[in-house]
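**Q**
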Amino acid sequence: MEDERKDGAYGTPQKYDPTFKGPIYNRGCTDIICCVFLLLAIVGYVAVGIIAWTHGDPRKVIYPTDSRGEFCGQKGTKNANKPYLFYFNIVKCASPLVLLEFQCPTPQICVEKCPDRYLTYLNAHRSQDFEYYKQFCVPGFQNNKGVAEVLRDGDCPAVLTPSTLLARRCFPAIHAHKGVLMVGNETTYEDGHGARKNITELVEGAKKANGVLEARQLAMRIFEDYTVSWYWIVIGLVIAMVMSLLFIVLLRFLAGIMVWVMIVMVILVLGYGIFHCYMEYARLRGEAGSDVSLVDLGFQTDLRVYLHLRQTWMAFMIILSIIEVIIILLLIFLRKRILIAIALIKEASRAVGYVMCSMLYPLVTFFLLCLCIAYWASTAVFLSTSNEAIYKIFDDATDCPVAGKTCNPETFSSSNESRLCPGAHCQFAFYGGESGYHRALLGLQIFNAFMFFWLANFVLALGQVTLAGAFASYYWSLHKPDDLPAFPLFSAFSRALRYHTGSLAFGALILAIVQIIRVMLEYLDQRLKAADNKFAKFLMTCLKCCFWCLEKFIKFLNRNAYIMIAIYGTNFCTSARNAFFLLMRNIIRVAVLDKVTDFLFLLGKLLIVGSVGILAFFFFTHRIRIVQDTAPPLNYYWVPILTVIVGSYLIAHGFFSVYGMCVDTLFLCFCEDLERNDGSQERPYFMSPELRDILLKGSAEEGKRAEVEE
């Protein structure tokens, strides 16, 4: 019955072939149509990039813009020495119009520096302070009008208040003194009509304006943290790279010992994390404000606030304890399978040792991915900044019939609109456009994202096929390493590009389609959050879950299909089918070996990430110092810490991916070897004797256990 199931449901096992010696060299091109589609798509992608670079202007993202749409601080312009944006009346930024247009309905000019004193136009226009005041008036202002005309025409602000810089913009320097809100040393301010008003109005207006720009301010603060800490972030990533490389080298010579050392170290690191959380929890006992709950505190952009709460450290301690218990239980139940997985890792270490240049191939993948990311990011920025400056009519009066309509700032003063609304002014509103190109921007952005996914997946697929071809050459060498071909990695790379570009593009295309659908679902989910529709939310959650599972399955299937492509040179669909059937015919071995080795490699990544993350935490929080005042002052110290943690994981994943691909390739080759050969002199196994003894013994035990359970 078992043989019938193997022959019927999951294909026919491979037969003995005395001429088969590993990766086939005489092969032809596969999936040519997909190769042509990829080349045409790349040509179109380049065309989109050229169009975006022609119309785009990244300065719109970097520099603030005044009421005339001119950049502040841009070299080569008249505002080159005026890098900051000044608002005439910050209170008007609290208008609902800001939420619609993302532009304050008040004149804005570029200035060299923000105001540092409290001064009104009424007091300054006939005093020696007028020259100082004049720099905050519109460019080219001449003092040939009356006070009422100047304030009516918006030539000068009615009042100057001491201001501070935030995201290259001048905001009132608000502080509290003995419970009284103040700007500088003032508790009141004078409006354009000479009336004194309480500063609370100005404060509330500034707060609302700050709320509109909160996301941008947060981004700017994060950017500032990167500018002062990038050097130490790079050092942290270099430490992660050195640790990963050292771990891989030691794994080559001391595979068994290193695996157990890795397991023990992960347990110890998690144990120390639990101990540290408990000590912090105990230290905060009795401190004022430490018993505030996370729910009552709400979301805070400064994450340091949470570290002063006992509940935060309790949550960390519980999470780490759960992870510790899960890992210990898995190690207890998988102890025998871990011994079998260690044997496979030892064999992979020997394969990597004979193909040492494979350890450097992740650098090639990293370089190609950086090119993809750089092209995608630059194209996205140029597309998003390729709109034209749109000017609209702004008026404080609510009865202006032409308010909100587009206008031309050069001819507005002599137009009919200015006569209908004498107090209105034409100023820059936003960047947009009504041409066919501007209407197609959303589609171009989607195409840009889709091509990024396609090319990135193609680069990863190329790396997987290359490594699989090199390690398959090692496995199918009967007398290792004498039968190993010269330059196996380069040969596998050249075969993949020469014959299987179409197959790699096919697999990457399928994965890219699923990924772009997931991105669209995330976008729709964000748009539907405002609507209180439980059915829509449930449906969206189900779709996101289904496509997440589908992406994981396709990645797994593609990975094994690429191994079969590297060995046999068949097209993508045939390779995927053969790989899937081969795994299903050996499903017990898949559970015993392949997934356990993935678990061990995950522990190795966690060890490196945890070690570097703890070091970064103590360094950036000034718990340790290499030299005096080494750690830079930061707005949010979690920014460099998270960057180091994520970067360390990616670096560790890059190095361990070589071992992971090696293990997967050797495992598929091992399953093929069992079907093709029987270990006799006429049909000897290609696997090493040590690997044969442990794997066959472990597989036999699992098979007997499965029969007993049935």
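Residues -6 to 703, numbered by the working numbering, are exactly what the sequence shown covers, in order. Ideal Cβ positions, reconstructed from N, Cα and C, are used throughout, including at glycine.
Which residue spans inside the region 543 to 609 form an unbroken alpha helix (DSSP H) run of at least 4?
**A** Counting whole runs of 4 or more residues, the region 543 to 609 contains the alpha helix (DSSP H) stretches 565 to 578.
**Q** Verify whether the separation of the beta carbon atoms of residue 337 and residue 592 is less than 8 Å.
**A** No, the Cβ-Cβ distance between residue 337 and residue 592 is not below 8 Å.
**Q** Which residues share a DSSP beta bridge with residue 641?
**A** According to DSSP, residue 641 bridges with nothing at all.
**Q** Between the Cα of residue 540 and the Cα atoms of 300, 47, 510, 372, which residue gives the shortest distance?
**A** Comparing Cα positions, the closest option is 510.
**Q** For residue 430 and residue 48, which I take to be in contact (beta-carbon distance under 8 Å), what is that distance rounded to the nearest angstrom?
**A** At roughly 7 Å, the Cβ-Cβ gap stays under 8 Å, so residue 430 and residue 48 are in contact.
**Q** Around the Cβ of residue 193, are there at least 16 other Cβ atoms within 10 angstroms (buried) or fewer (exposed)?
**A** Caution is warranted here: a pLDDT of 46 is assigned to residue 193, below 50, making its placement in the model unreliable, and the coordinate value is therefore given only provisionally. Under this definition residue 193 is an exposed residue.
**Q** Considering only residues of the same chain and omitting the five flanking positions on each side of residue 161, which have a CB-CB separation below 6 Å?
**A** Around residue 161: 57, 77.
**Q** Quick check: the region 475 to 485 against the region 563 to 583, are there 3 or more CB pairs under 8 Å?
**A** Cβ pair count under 8 Å is below three, so no.
**Q** Could you check whether residue 502 and residue 27 sit closer than 8 Å to each other, using their CB atoms as the reference points?
**A** A contact, by the Cβ cut-off of 8 Å.
**Q** Please go through the same chain and pick out, in chain order, the residues whose beta-carbon is closer than 7 Å to the beta-carbon of residue 362, but skip the five residues on each side of it.
**A** Excluding sequence neighbours, residue 362 sits near 449, 452.
**Q** Which residues in the same chain have their Cβ closer than 6 Å to the Cβ of residue 344, if we skip the five residues on either side of it in sequence?
**A** Only 464, 467, 655 meet the Cβ criterion.
**Q** Going along the chain, which residues of its own chain have a beta-carbon closer than 6 Å to the beta-carbon of residue 197, five neighbours each way excluded?
**A** Unreliable positioning characterises residue 197 in this predicted model, as indicated by a pLDDT of 47, which lies under 50. The coordinate reading is nonetheless provided below. If we look at residue 197 and ignore the five residues flanking it on each side, it has no Cβ neighbours.
**Q** List in chain order: all unbroken alpha helix (DSSP H) runs of 4+ residues lying wholly within the region 339 to 412.
**A** Within the region 339 to 412, the complete alpha helix (DSSP H) runs of at least 4 residues are 354 to 377.
**Q** Assuming contact is defined by CB atoms lying nearer than 8 Å, are residue 589 and residue 330 in contact in what I supplied?
**A** Result yes, Cβ atoms of residue 589 and residue 330 sit closer than 8 Å.
**Q** Would you identify the three-state DSSP class for residue 516, choosing helix, strand or coil?
**A** Here residue 516 sits in helix by DSSP.
**Q** Just how far apart, CA to CA, sit residue 110 and residue 74?
**A** So the two alpha carbons sit approximately 21 Å from each other.
**Q** Between residue 101 and residue 60, which are expected to be in contact by the criterion C-beta below 8 Å, what is the C-beta distance as a whole number of angstroms?
**A** Indeed, because the Cβ distance is near 5 Å, the residues count as touching under 8 Å.
**Q** Below 8 Å, how does it come out for the region 640 to 651 and the region 230 to 243: are there three or more Cβ pairs, yes or no?
**A** With the cut-off at 8 Å, the region 640 to 651 and the region 230 to 243 touch.
**Q** Where do the ends of the beta strand (DSSP E) carrying residue 304 lie?
**A** Run containing residue 304: none in the beta strand (DSSP E); it sits in the alpha helix (DSSP H), 303 to 326.
**Q** Indicate the three-state DSSP secondary structure (helix, strand or coil) for residue 101 in the structure shown.
**A** In this structure, residue 101 counts as strand in the three-state DSSP scheme.
**Q** Looking at the strands, I want to know which residues DSSP matches up with residue 64.
**A** Beta-bridge pairing links residue 64 to 58.
**Q** Beta-carbon separation of residue 335 and residue 242 under 8 Å?
**A** No, the pair does not count as a contact, with Cβ atoms beyond the cut-off.
**Q** Taking 8 Å as the threshold, find out whether the region 125 to 143 comes into contact with the region 399 to 415 through three or more Cβ pairs.
**A** With a cut-off of 8 Å, the region 399 to 415 and the region 125 to 143 do not count as touching, because too few Cβ pairs lie within range.
**Q** If you measure between the beta carbons of residue 504 and residue 545, is that distance less than 8 Å?
**A** No, they are not a contact pair.
**Q** Going by DSSP, what residue range makes up the beta strand (DSSP E) through residue 270?
**A** No beta strand (DSSP E) contains residue 270, which is instead part of the alpha helix (DSSP H) from 248 to 276.
**Q** Would you mind stating whether residue 270 and residue 309 have Cβ atoms separated by less than 8 Å?
**A** Cβ atoms of residue 270 and residue 309: closer than 8 Å.
**Q** Excluding the five sequence neighbours on either side, which residues of its own chain have a C-beta within less than 8 Å of the C-beta of residue 10, listed in chain order?
**A** Within the same chain, residue 10 has close Cβ partners 669.
**Q** Please work out which residues of its chain come closer than 7 Å, Cβ to Cβ, to residue 492, disregarding the five sequence neighbours upstream and downstream, and give them in chain order.
**A** Hits under 7 Å: 20, 21, 22, 23, 562.
**Q** On the CB-based measure, 16 or more other CB atoms within 10 Å of its CB, does residue 513 come out buried or exposed?
**A** Per the 10 Å Cβ criterion, exposed.
**Q** When DSSP labels each residue in this structure, what does residue 163 get in the three-state scheme?
**A** Three-state DSSP puts residue 163 in a strand.
**Q** When the Cα atoms are used, what is the spatial distance from residue 678 to residue 6?
**A** If I take the Cα positions, the gap works out to 16 Å.
**Q** Taking DSSP as the reference, what is the three-state secondary structure of residue 431?
**A** Note: residue 431 maps to helix in three-state DSSP.
**Q** Quick one, are the C-beta atoms of residue 606 and residue 634 less than 8 Å apart?
**A** Cβ atoms of residue 606 and residue 634: closer than 8 Å.
**Q** Look at the Cβ atom of residue 627, then the Cβ atom of residue 222, and state whether they are nearer than 8 Å.
**A** Yes; because the gap between Cβ atoms is below 8 Å, this pair is in contact.
**Q** Mind reading off the beta-carbon distance from residue 354 to residue 42? Whole number of angstroms is fine, and I expect it under 8 Å.
**A** Actually they are not in contact, since the Cβ atoms of residue 354 and residue 42 sit about 28 Å apart, beyond 8 Å.
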